[in-house]
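In the UniProt record's numbering, the protein residues as written are 1 to 104.
From the three backbone atoms N, C-alpha and C, an ideal C-beta is built for every residue, glycine too.
As the structure is a computational prediction, the values presented were derived from the model and not from experiment.
Written out as structure tokens, the structure reads:
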């Protein structure tokens with residue numbers, strides 16, 4: 001490519017921050033190991049005491065597991081037996097105060 005003296009300007013193609021990322025008090029969820037055909041650990045980080053509903057959904061959006069718990073200011077962990085779930089991708093969703101967070 002020849003240098004023709006043109007000036008190029010680059011910008012972010014994807015948002016570098018959103019309101020959800022910036023606000024304090026966001027709920028986060030993770031699941032491991034991924035993939036899993038047996039025990040699955042679901043971890044939820046709540047920056048303040050809150051009631052949380054955890055759900056696992058299959059690829060068609062059907063709920064295959066649900067559990068509600070009360071979290072303090074901590075990372076809560078729940079171990080789930082995923083051995084009976086159908087093969088394929090699943091998502092884990094944590095909902096608190098009507099605000100869902102999901103991880104595939």
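Span of the beta strand (DSSP E) around residue i
i, result
"residue 91", "90 to 96"
"residue 68", "63 to 71"
"residue 57", "50 to 58"
Counted within 10 angstroms of its Cβ, other Cβ atoms place residue i as buried (16 or more) or exposed
i, result
"residue 71", "buried"
"residue 53", "exposed"
"residue 86", "exposed"
"residue 100", "exposed"
"residue 75", "exposed"
"residue 27", "buried"
Rounded distance between the beta-carbons of residue j and residue i, thought under 8 Å
i, j, result
"residue 78", "residue 42", "5 Å"
Beta-bridge pairing of residue i - partner residues as DSSP gives them
i, result
"residue 31", "42"
"residue 87", "The partner list for residue 87 (beta bridge, DSSP) is empty, contrary to what the question assumes."
"residue 100", "95"
Chain C within 8 Å of residue i, Cβ atoms only
i, result
"residue 58", "You won't find chain C in this structure, because it holds only one protein chain."
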